[in-house]
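So the structure is just underneath, and the comments pick up after that.
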Amino acid sequence: MIKLLHVAGARPNFVKIASIFNACVGNPNIESVLVHTGQHYSKNMSKAFFAELNIPKPDINLEVGSGSHAQQTSEIMKRFEPVLLEHKPDMVLVVGDVNSTVACALVSVKLGIKVIHVEAGLRSFDRTMPEEINRVLTDSISDYLFVTESSGVDNLKHEGIDESKIFFVGNVMIDTLELHKAKSDHSRILDDLKLIPSKYGVVTLHRPSNVDDNKVFRSIIEALIEIQKDIKLVFPIHPRTFNNLKSNGLGEILKTLPNIIIVKPLGYLDFLKLMSHSKIMITDSGGIQEETTILGIPCITVRENTERPVTITEGTNKLVGTNTQTIIAGYRESLNGSQKKSRPRFWDGKASERIVKILQQSL
Ligand code: UD1
Numbered sequence: 028m029i030k031l032l033h034v035a036g037a038r039p040n041f042v043k044i045a046s047i048f049n050a051c052v053g054n055p056n057i058e059s060v061l062v063h064t065g066q067h068y069s070k071n072m073s074k075a076f077f078a079e080l081n082i083p084k085p086d087i088n089l090e091v092g093s094g095s096h097a098q099q100t101s102e103i104m105k106r107f108e109p110v111l112l113e114h115k116p117d118m119v120l121v122v123g124d125v126n127s128t129v130a131c132a133l134v135s136v137k138l139g140i141k142v143i144h145v146e147a148g149l150r151s152f153d154r155t156m157p158e159e160i161n162r163v164l165t166d167s168i169s170d171y172l173f174v175t176e177s178s179g180v181d182n183l184k185h186e187g188i189d190e191s192k193i194f195f196v197g198n199v200m201i202d203t204l205e206l207h208k209a210k211s212d213h214s215r216i217l218d219d220l221k222l223i224p225s226k227y228g229v230v231t232l233h234r235p236s237n238v239d240d241n242k243v244f245r246s247i248i249e250a251l252i253e254i255q256k257d258i259k260l261v262f263p264i265h266p267r268t269f270n271n272l273k274s275n276g277l278g279e280i281l282k283t284l285p286n287i288i289i290v291k292p293l294g295y296l297d298f299l300k301l302m303s304h305s306k307i308m309i310t311d312s313g314g315i316q317e318e319t320t321i322l323g324i325p326c327i328t329v330r331e332n333t334e335r336p337v338t339i340t341e342g343t344n345k346l347v348g349t350n351t352q353t354i355i356a357g358y359r360e361s362l363n364g365s366q367k368k369s370r371p372r373f374w375d376g377k378a379s380e381r382i383v384k385i386l387q388q389s390l
């Protein structure tokens with residue numbers, strides 16, 4: 028029997044934990060405990076995902092909330108240590124690359140508890156991204172590194188991680204997508220927003236490098252101003268982006284544009300339906316690059332790099348940077364280009380099953 032403590036803190040973590048936690052719960056040899064760090068806490072960034080993805084109510088919520096990186100990370104560490112001392116798990120499972128991931132991995136390893144990292148090995152090679160630091164540090168102290176794409180295996184070997192710790196299992200975010208795709212068809216989001224399938228694009232932006240820097244943010248908004256002359260755009264706004272749009276005045280410009288529909292962050296099923304029927308996605312999210320690859324929807328990524336290169340080589344993703352003109356050109360090329368339709372290896376809805384099998388063998 029393994030006692031496994033799962034950690035989730037921020038929106039993309041919930042999508043990943045949904046498939047792993049439920050796969051573990053179905054296994055008689057694994058006892059699972061779920062900890063929510065509280066990094067994301069708003070109803071539509073957290074609770075809505077637990078409900079729609081059938082994730083049980085967390086056994087423990089650390090309720091850390093927002094703060095600077097140091098405040099948030101240290102607060103998670105302080106509150107997580109007593110949980111480990113009380114529950115004494117054999118292993119701690121962390122996912123993704125958020126502050127909750129690195130904070131809980133570090134506390135665990137210092138207490139001699141084995142760390143499992145799901146979505147290990149991804150590298151943008153851009154150390155100005157907070158997520159890149161979280162990835163490198165978490166991988167360096169993990170005992171089981173579960174990898175989504177082959178670049179991750181190469182990166183980890185290159186960093187000197189022992190091969191016996193590396194497992195190429197596929198993508199748990201795609202497990203969740205496959206499990207909920209049919210259900211999302213029932214969402215009424217297209218009717219609610221009066222959208223016609225394939226006649227609109229969807230925008231999401233939340234990377235600090237894009238939305239905290241006014242010059243970069245303005246350059247992206249200028250591209251959207253041009254693109255919305257061609258196609259209707261739906262823009263579900265992340266809280267970080269919303270706060271910045273209010274303080275930098277760019278929100279006032281967006282409000283005057285007739286062809287941009289601004290909405291609050293959407294739940295999983297509504298967003299999946301919206302993505303599935305869109306003509307194009309314009310994003311800086313990591314997960315959306317992967318989901319559009321499986322859905323066969325063109326994706327232009329408003330960044331200079333990606334830690335998920337398979338979405339370009341085998342999927343529908345295209346990096347366009349943050350310059351107004353390169354975004355507009357990328358948009359035109361993406362719509363005119365033929366879309367690749369191959370499915371990256373192991374993105375087949377069975378990644379969680381593979382993870383559970385490997386954990387069982389460790390018994
Ligand atoms: C975090 C992750 C990022 C991930 C993203 C997904 C880190 C370093 N970053 O970024 O990798 O892609 O989540 O959303 O961990 N806020 C709310 N309600 C919430 C959560 C946040 O209003 O439930 C607001 C707060 O004003 C907060 C801001 O959003 O200050 C940013 O939240 P934070 O958790 O610091 O980082 P994200 O930008 O969400």
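For the record, in the sequence shown the residue sitting at position 74 is 101 according to the numbering used here, with numbers rising by one throughout.
Here a beta-carbon is modelled for each residue, glycine too, at the ideal position from N, C-alpha and C.
For residue i, three-class secondary structure by DSSP
i      : result
Phe152 : coil
Glu253 : helix
Glu176 : coil
Ser246 : helix
Leu32  : strand
Met302 : helix
Asn88  : strand
Met72  : coil
Glu393 : Residue 393 is absent from the structure shown; the chain starts at 28 and stops at 390.
Gly228 : strand
Lys377 : coil
Lys384 : helix
Lys368 : coil
Ala402 : There is no way to answer for residue 402, as the model of the chain reaches only from 28 to 390.
His63  : strand
Pro157 : helix
Arg359 : helix
Thr283 : coil
Ser214 : coil
Arg162 : helix
Lys184 : helix
Thr333 : coil
Lys221 : coil
Ser389 : coil
Asn81  : coil
Val129 : helix
His96  : helix
CB-CB length for residue i against residue j, believed under 8 Å
i      : j      : result
Thr310 : Val329 : 7 Å
Asn71  : Gly294 : 7 Å
Leu390 : Asn182 : With 8 Å as the limit, Leu390 and Asn182 do not qualify as a contact, their Cβ atoms being about 29 Å apart.
Lys368 : Leu296 : In fact, because the Cβ distance is near 24 Å, the residues do not count as touching under 8 Å.
Thr338 : Glu317 : 6 Å
Val121 : Cys131 : 5 Å
Cys51  : Val261 : That pair is no contact at about 35 Å.
Residue burial classification, residue i (beta-carbon count within 10 angstroms, cutoff 16)
i      : result
Leu32  : buried
His265 : buried
Pro83  : exposed
His144 : buried
Ala81  : Note that residue 81 is Asn in the sequence shown here, rather than Ala. Asn81 should be labelled exposed.
Met28  : exposed
Lys300 : buried
Lys259 : buried
Phe152 : exposed
Lys242 : exposed
Ile287 : buried
Glu238 : Here residue 238 is Val; the residue named in the question, Glu, does not match the sequence. So Val238 ends up on the buried side.
Thr155 : exposed
Asp202 : buried
Lys43  : buried
Counterpart residues of residue i in DSSP-defined beta bridges
i      : result
Pro263 : Val290
Ile193 : Leu172
Glu58  : Lys30
Cys326 : Met308 and Asn344
Met200 : DSSP, once it has assigned bridges, lists no residue as partnering Met200.
Ile143 : Leu120 and Tyr171
Contact test: residue i Cβ vs ligand 3 heavy atom, cutoff 7 Å
i      : result
Ala378 : Ligands present in the displayed structure are limited to ligand 1, and ligand 3 is not among them.
Short CB-CB distance (under 8 Å) between residue i and chain B
i      : result
Leu260 : This model lacks chain B altogether, as it is built from one protein chain only.
Exercise. Examine the Cβ distances between the region 192-200 and the region 249-259 and report whether three or more of them are shorter than 8 Å.
Key: Taking 8 Å as the limit for Cβ pairs, the verdict is that the region 249-259 does not touch the region 192-200.
Quiz item: Are the region 379-386 and the region 42-59 in contact at 8 Å, needing three or more beta carbon pairs?
Solution: yes
Practice problem: State whether the region 133-152 contacts the region 166-179, with contact taken as three or more CB pairs (one from each stretch) at a distance under 8 Å. | Solution: yes
Quiz item: Are there three or more Cβ pairs, one per stretch, closer than 8 Å when the region 347-362 is compared with the region 286-305?
Solution: no
Practice problem: Could you say if the region 85-105 and the region 52-65 meet the contact criterion of at least three C-beta pairs nearer than 8 Å? | Solution: yes
Self-check item: Given 8 Å, three or more beta-carbon pairs between the region 308-322 and the region 219-236
Solution: By the Cβ rule, the region 308-322 counts as touching the region 219-236, because three or more pairs are nearer than 8 Å.
Quiz item: Taking one C-beta from the region 91-102 and one from the region 113-131 each time, how about it: are there three or more such pairs within less than 8 Å?
Solution: yes
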